[in-house]
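Numbering (UniProt numbering), first residue to last: 1 to 497.
All C-beta atoms in this analysis are idealised placements derived from N, C-alpha and C, irrespective of residue type, glycine included.
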Ligand SMILES: *[C@@H]1O[C@H](CO)[C@@H](O)[C@H](O)[C@H]1NC(C)=O
Ligand SMILES: *[C@@H]1O[C@H](CO)[C@@H](O)[C@H](O)[C@H]1NC(C)=O
Ligand SMILES: *[C@@H]1O[C@H](CO)[C@@H](O)[C@H](O)[C@H]1NC(C)=O
Ligand SMILES: *[C@@H]1O[C@H](CO)[C@@H](O)[C@H](O)[C@H]1NC(C)=O
Ligand SMILES: *[C@@H]1O[C@H](CO)[C@@H](O)[C@H](O)[C@H]1NC(C)=O
Ligand SMILES: *[C@@H]1O[C@H](CO)[C@@H](O)[C@H](O)[C@H]1NC(C)=O
Ligand SMILES: *[C@@H]1O[C@H](CO)[C@@H](O)[C@H](O)[C@H]1NC(C)=O
Ligand SMILES: *[C@@H]1O[C@H](CO)[C@@H](O)[C@H](O)[C@H]1NC(C)=O
């Protein structure tokens with residue numbers, strides 16, 4: 001029950017840190033401060049002891065409160081006996097504090113023994129710590145908090161290509177690791193299995209932080225600490241960074257730990273998300289997307305052109321064909337453009353726009369184009385991440401090359417999910433029945449990765465025309481019913497605006 005956690009593994013991995021601990025120690029404390037510290041510390045330990053008796057699960061935390069209690073008794077006994085033989089009490093107490101610092105255990109940020117379930121449960125990132133669940137939000141770690149027993153998060157982790165060489169520890173504010181740098185304010189710490197570059201992956205990683213901002217009185221971080229597999233990352237892709245800056249209304253400052261100069265950094269307050277969106281409920285996600293849409297449109301000076309056209313009987317329906325070049329583009333682009341243009345022109349109130357994803361260079365080009373869209377027609381790809389800039393209840397028509405259905409796994413449904421979570425309609429997708437031949441037999445994954453994944457799309461004129469007509473009539477019906485209940489656009493400001 002009172003097992004100690006210093007496996008041979010951990011001992012080995014802690015060695016590099018003991019070197020770092022020999023950096024100049026934290027500033028000295030006054031005698032009064034030291035006494036106050038010890039009294040506080042003992043009170044905390046008594047409380048912990050009581051909690052541990054009530055909640056046996058605390059006993060296996062690292063280091064266990066029992067272990068620490070035992071050690072502290074030892075330290076206090078030593079300090080007490082030294083004090084009675086007339087020594088400098090302040091110095092002895094400082095000595096006691098100094099020994100307390102040595103109980104801090106640094107563990108590797110990435111636990112390789114959990115590689116097969118990297119994103120499951122406590123994940124392989126900070127694997128000794130259990131998540132806290134709050135309402136319908138993503139599971140998180142918060143420091144200091146009751147769950148951390150008032151301890152701060154400390155990280156010694158600037159390695160960019162091996163997460164097992166980065167370390168974390170928990171420490172009480174009064175006994176930080178030797179030489180540690182205390183970074184003030186709130187720090188957002190993220191670990192993602194994917195990346196911060198791709199629109200879709202990056203969005204999944206930053207969503208829970210936007211939610212935190214939204215629910216915690218619009219708090220803002222002083223800095224971001226980004227990890228991928230426990231490896232430090234210091235940049236986000238352009239789209240992800242711009243969205244983040246607009247969502248929070250401040251520049252993204254990523255920490256590279258250069259100022260810490262190899263010493264551990266402890267955070268005055270930190271929140272860690274390591275499950276991307278995790279268990280955040282669709283309802284909560286929608287609230288975040290609503291905030292993002294509102295703030296992005298305001299930032300990009302988008303004003304709705306809804307009043308520009310349409311009549312009470314035939315409302316304006318804006319259909320946008322968003323094309324890709326290269327991977328998953330249409331083989332016969334001009335024909336595809338004609339099909340949708342014709343289908344739109346046959347429908348009263350429909351206004352057709354064609355755009356190329358790679359020509360929407362700035363973030364605001366993308367926001368404005370999608371904000372002015374009711375029906376988005378586009379092949380599967382990251383450009384679809386922009387769909388949440390459309391008004392709620394807009395529609396998405398997505399196109400997949402042959403082979404995706406059989407071989408791409410659940411990841412192919414990300415834009416169905418995004419539509420569901422951001423309040424869009426995405427009832428069906430088109431799957432090309434024809435494709436490139438694959439030389440491997442059966443459902444060999446190499447067929448997908450080497451042949452099918454990025455192949456070009458054909459078209460089906462009759463089906464596309466029919467499908468478009470169906471979506472346009474649904475959109476019209478929906479717009480008419482909305483006009484009846486909600487005649488005016490709300491002009492309320494954005495959440496956390
Ligand atoms: C985390 O939760 C598991 C399962 O409930 C428990 O066995 C373990 O002791 C907990 N660890 C910590 C650090 O609280
Ligand atoms: C890694 O995870 C395993 C399995 O949960 C655990 O037994 C071990 O203590 C962890 N190691 C570290 C260094 O956190
Ligand atoms: C990462 O570092 C560990 C030591 O912490 C080492 O055992 C391992 O081989 C390294 N992995 C890579 C891919 O370099
Ligand atoms: C980490 O910090 C140490 C000390 O400043 C430095 O020597 C090392 O090059 C840094 N490593 C990386 C990968 O930036
Ligand atoms: C929005 O309009 C303001 C005021 O006209 C202007 O300063 C700003 O640059 C515009 N922003 C964008 C992204 O176009
Ligand atoms: C595209 O389709 C049209 C009409 O179906 C056809 O005339 C044209 O040759 C095709 N172009 C290409 C490049 O296949
Ligand atoms: C979207 O449609 C649903 C169901 O038709 C409706 O309840 C909801 O109010 C609509 N949302 C908006 C923002 O119009
Ligand atoms: C679409 O095709 C179906 C038959 O496949 C037909 O019943 C329906 O009327 C068509 N819809 C439109 C809008 O043309």
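Annotated as distal: residue 352 and residue 300, with beta-carbon spacing of 9 angstroms or more. No Cβ-Cβ contact shorter than 9 angstroms links residue 457 with residue 415. Between residue 344 and residue 319, the gap from beta carbon to beta carbon is short of 9 angstroms. Taking 3 residues as the shortest admissible run, the region 323–384 contains the following complete beta strand (DSSP E) segments, listed from N- to C-terminal end: 350–356 and 375–379.
With the criterion CB distance below 5 angstroms from any heavy atom of ligand 6, the matching residues run 332 and 335 along the chain. One alpha carbon belongs to residue 266, the other to residue 113, and they sit about 26 angstroms apart. The DSSP-derived three-state label of residue 406 is helix. By the neighbour-count definition (other C-beta atoms within 10 Å, threshold 16), residue 263 is a buried residue. The region 250–262 and the region 162–176 do not touch, with fewer than three beta-carbon pairs separated by less than 8 angstroms. Close CB contacts of residue 131 within its chain, under the 6 angstroms cut and outside five residues either way in sequence, are with 139 (chain order). Secondary structure of residue 98 (DSSP, three-state): helix. Inclusion of residue 175 and residue 91 in the CB contact set at 9 angstroms is not warranted, their separation being larger than that value. By the C-beta density criterion, residue 191 is buried, having at least 16 other C-beta atoms within 10 angstroms. For residue 294, the enclosing alpha helix (DSSP H) begins and ends at 282–299.
Excluding five sequence positions before and after residue 144, the CB atoms of its chain that fall closer than 8 angstroms to its own CB belong to 150, 151, 152, 173 and 269, given in chain order. If you check the C-beta of residue 303 against ligand 1, you find no heavy atom less than 8 angstroms away. For residue 391, the CB falls within less than 8 angstroms of some heavy atom of ligand 7.
Membership of residue 212 in the alpha helix (DSSP H) is indicated by the continuous run 199–215. If you draw a straight line from the Cα of residue 331 to the Cα of residue 443, it is about 25 angstroms long. Bounds of the beta strand (DSSP E) holding residue 155 are 152–156.
The three-state reading of DSSP puts residue 224 in strand, counting E and B together. Its chain contains 327 and 328 as the residues whose beta carbon lies nearer than 7 angstroms to that of residue 454, once the 5 sequence neighbours on both sides are disregarded; these appear in chain order.
It is roughly 12 angstroms from the alpha-carbon of residue 411 to the alpha-carbon of residue 194.
For residue 303, the secondary structure class from DSSP, reduced to helix, strand or coil, is coil. By the Cβ-count criterion, residue 422 is buried, with 16 or more other Cβ atoms from all chains shown falling within 10 Å of its own Cβ. For residue 244, the shortest separation between its Cβ and any heavy atom of ligand 3 does not lie below 8 angstroms. Comparing C-alpha distances from residue 350 to each of 116, 196 and 474 shows the shortest one belongs to 474. For the 9 angstroms CB-CB criterion, residue 212 and residue 116 do not form a contact. Annotation for residue 417: the continuous alpha helix (DSSP H) segment containing it runs 414–422.
The closest CA to that of residue 118, considering only 382, 99, 217 and 276, is found on 276. Separation of the CB atoms of residue 181 and residue 206 is rounded to 25 angstroms, and the pair is thereby denied contact status at 8 angstroms. About 5 angstroms separates the CB atoms of residue 271 and residue 142; that is less than 8 angstroms, so the two are in contact. The three-state reading of DSSP puts residue 191 in strand, counting E and B together.
Ranked by how close their Cα comes to the Cα of residue 317, the residues 203, 470 and 156 have 470 in first place. With contacts defined as CB atoms closer than 9 angstroms, residue 461 and residue 335 qualify as a contacting pair.
In chain order, the residues with a C-beta atom nearer than 5 angstroms to some heavy atom of ligand 3 are 162, 164 and 165.
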